[in-house]
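Reading through the structure tokens given below for one structure.
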Amino acid sequence: MTYAATISASGDEFHAPGPAIFELPSVFPWNGDGVVTKPVLQLVVAAVVVFTLLYLASRKRALVPGKLQFAGESAYGFVRNGIGRDIIGSHDFQRYVPYLVSLFFFILLNNLFASIPLFQFPTFSRAGMAYALAGLSWLVYNYIGIRKHGLIGYLKLQCVPSGVSPAMYPLLVPLEFFSNILVRPVTLALRLFCNMFAGHILLVLFATGGFHLILEYGGIGYVAGPLALVLAVVVSFLEMLIQFLQAYVFVLLNAMYIQGALADEH
1465 MTYAATISAS GDEFHAPGPA IFELPSVFPW NGDGVVTKPV LQLVVAAVVV
1515 FTLLYLASRK RALVPGKLQF AGESAYGFVR NGIGRDIIGS HDFQRYVPYL
1565 VSLFFFILLN NLFASIPLFQ FPTFSRAGMA YALAGLSWLV YNYIGIRKHG
1615 LIGYLKLQCV PSGVSPAMYP LLVPLEFFSN ILVRPVTLAL RLFCNMFAGH
1665 ILLVLFATGG FHLILEYGGI GYVAGPLALV LAVVVSFLEM LIQFLQAYVF
1715 VLLNAMYIQG ALADEH
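My numbering applies: residue 1465 is where the sequence shown begins, and numbers increase by one.
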């Protein structure tokens, strides 16, 4: 991930950053097998920070809120009203709001780690992290649907489209099962992972490439290098927007899947 890592031993050859920059060593010297890596530590830090901030914001609730309570209520209201109530519906949404709020800020903070000094690594640029989170979401919305409709009823609602001739069932039922039951966690994970992975690669490319142009090429490098560094700054701000949007989209889709699991018709 460093500039030096992209330059060959001769010092004059630039190697574009690739997937190798996501292979991080163990955080602790004794952890030789690489179980506790930087992304794992970031997951723990994010969970602790999100829990602490939400707890402190709600611990001393007052009619006239202080700054922390106001910030917490605003953040809570954004997810509660803009995602939970609008997507799930006014009758059933409230019981799922704590899950959606926690999920949103947990993903957002892990995404923002890519732009925070000392961290500077998006947790979900590791595919395993994204798939684990999508797997948790899959368990949650399927459990909600099975609890309400029963296993057979839930599978029927998810896999048998209404208003279709039974003659089409042999074709449509497998497709609906594949789409609604199997593919959703994969697409959830891929969307989050690919955006974080690509954004990090792009940032490292502009930053390391800009320094290399300045140090090694002179002349045109003194023009192209600073331009690449400026683009790195621009991309950094764009990445912050994408980091927010990916957290929003992930939670929005979770709410849609919960709403679909609760619905009485497919």
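All residues carry an ideal CB built from backbone N, CA and C; glycine is no exception.
Span separating the alpha-carbon of residue 1618 from that of residue 1611: 9 Å
Environment of residue 1581 [buried if 16+ CB atoms lie within 10 Å]: exposed
Three-state secondary structure (DSSP) of residue 1490: strand
Segment contact flag, the segment 1540 to 1554 with the segment 1704 to 1719, C-beta cutoff 8 Å, min 3 pairs: yes
contact_flag[the segment 1518 to 1531, the segment 1686 to 1695] where n(CB pairs < 8 Å) is 3 or more: no
Test item: CB-CB of residue 1510 and residue 1570 under 7 Å: yes
CB-CB length for residue 1653 against residue 1594, believed under 8 Å: 4 Å
Nearest-angstrom beta carbon gap, residue 1722 and residue 1481 [assumed within contact, 8 Å]: Actually they are not in contact, since the Cβ atoms of residue 1481 and residue 1722 sit about 38 Å apart, beyond 8 Å.
Complete alpha helix (DSSP H) runs within the segment 1630 to 1710 (minimum length 4 residues, chain order): 1633 to 1641, 1648 to 1680
Buried/exposed call for residue 1632, threshold 16 Cβ in 10 Å: exposed
Contact under 7 Å by Cβ, residue 1657 with residue 1598: no
Rounded C-alpha distance that separates residue 1564 from residue 1543: 7 Å
Beta-bridge pairing of residue 1501 - partner residues as DSSP gives them: 1490
Integer-rounded CB distance, given that residue 1585 should sit under 8 Å from residue 1596: The Cβ separation is near 17 Å, so there is no contact.
Own chain residues within Cβ distance below 7 Å of residue 1608, not counting five before or after: 1722, 1725, 1726
Beta-carbon contacts of residue 1500 that lie in its chain and below 8 Å, excluding the five residues immediately before and after: 1490, 1491, 1492
As assigned by DSSP and simplified to three states, the class of residue 1550: helix
Member of 1661, 1567, 1620, 1557 whose CA lies at the smallest distance from the CA of residue 1641: 1620
Selection from 1505, 1628, 1659, 1601 that minimises the alpha carbon distance to residue 1647: 1601
Nonlocal neighbours in the same chain, by C-beta distance under 7 Å from residue 1468, ignoring five residues either side: At residue 1468, the pLDDT of 42 sits below 50, so the modelled position is not reliable; the number obtained from the coordinates is stated separately. So the list is empty, once near-sequence residues are dropped.
Under 7 Å between C-beta atoms of residue 1697 and residue 1667: no
Length-filtered (4 minimum) alpha helix (DSSP H) runs lying within the segment 1526 to 1610: 1531 to 1543, 1561 to 1576
Same chain, Cβ closer than 7 Å to residue 1661, neighbours up to 5 away in sequence not counted: 1589
Cut-off 8 Å between Cβ atoms - residues of its own chain near residue 1627, not counting five sequence neighbours on either side: none
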